[in-house]
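Input: a single structure, listed below in structure tokens.
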Amino acid sequence: MFEALRHHFPTILLGIGAKIAESGLFNIYAVFAISYCVNVLSLSSQVILYGILLACLLECFTLPLFGHLADRYGKKRVYLAGMIALALLAWPFMLMLASGHLGLIYLAIALGLGLGHGSTFGAQGAFFSALFPARIRYSGLSLVQQIGPILGGGLSPMIATALLVGWHNNGLIAGYMALMAVISGLCALRLREEKIPPSQV
């Protein structure tokens, strides 16, 4: 771990930044959405959980699809495309969620998890593994995969809830979601992949 911090500190920081939106927006789609629908729209939590369950089922198919696309067109390219999708989806997601129409809410969650999160998480494993040389790969990845979700998924539902309670403005929540995607996209853009010999794949 010390070698990873000493020689690959910029890569670790950029990897953490690139991870934030993937984990942060997953918790917006799967955690904050429940709170919003129950407390703002007065919908049943069970009804929203059904929507999340269906979206997760959809993602079971989109994850290997985007993994295949990452193998074919490039891990970094697919990951960046996913971040663009997450940024563009932020405002439509909040509009559909706020509509109160169950079909649109289900569609918003399905697009968020199946398309937005699926496109980034499907490419992430191979992309992040290629950031570090083999001898420090576990240490480097561990730091990225532990700290990134704390800053992203650990904080995003609380920040979104604070924006909702403090300002009652869905646009601010959408802006926060898009900002996460932009920051992670810029971090991913700066990352350089290590050349992994076939014997180490």
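Position one of the sequence shown corresponds to residue 20 (my numbering), numbered consecutively onward.
Quick reminder that beta carbons are idealized off the backbone N, C-alpha and C, glycines included.
In the structure shown, N188 falls within a coil segment according to DSSP collapsed to helix, strand and coil. Shown here, H87 sits in a helix according to DSSP, grouped into three states. In this structure L73 is in contact with Y125, their Cβ atoms being roughly 7 Å apart against a cut-off of 8 Å. Secondary structure in the segment 21-55: the alpha helix (DSSP H) runs of 4 residues or longer, each lying completely within the stretch, are 21-26 and 28-46 in chain order. Taking one beta carbon from each stretch, the segment 171-179 and the segment 37-51 have 3 or more pairs nearer than 8 Å; the two touch.
By the criterion of a C-beta distance shorter than 6 Å, I166 is surrounded in its chain by I35, once the five residues flanking it on both sides are discounted. A distance below 9 Å separates the beta carbons of L116 and C56. Residue burial is scored here from C-beta neighbours: C206 has at least 16 other C-beta atoms within 10 angstroms and is therefore classed as buried.
As summarised for the segment 72-152, the continuous alpha helix (DSSP H) elements at least 4 residues long and confined to that stretch are 94-117, 121-129 and 137-148, given in chain order.
Around the C-beta of S63, fewer than 16 other C-beta atoms lie within 10 Å, and the residue is accordingly described as exposed.
Classified as buried, L99 has 16 or more neighbouring CB atoms from the shown chains inside 10 Å of its CB.
Within its own chain, the residues whose Cβ lies closer than 6 Å to the Cβ of P168, once the five positions on either side in sequence are excluded, are S42, listed in chain order. Per the C-alpha coordinates, the member of G194, L198, F151 and M177 positioned closest to R25 is F151.
Cβ-Cβ separation between E78 and H27: approximately 31 Å, too far for a contact (criterion under 8 Å).
Under the three-state reduction of DSSP, L170 is assigned to helix. Here I47 is not near M177, since their CB atoms are 9 Å or more apart.
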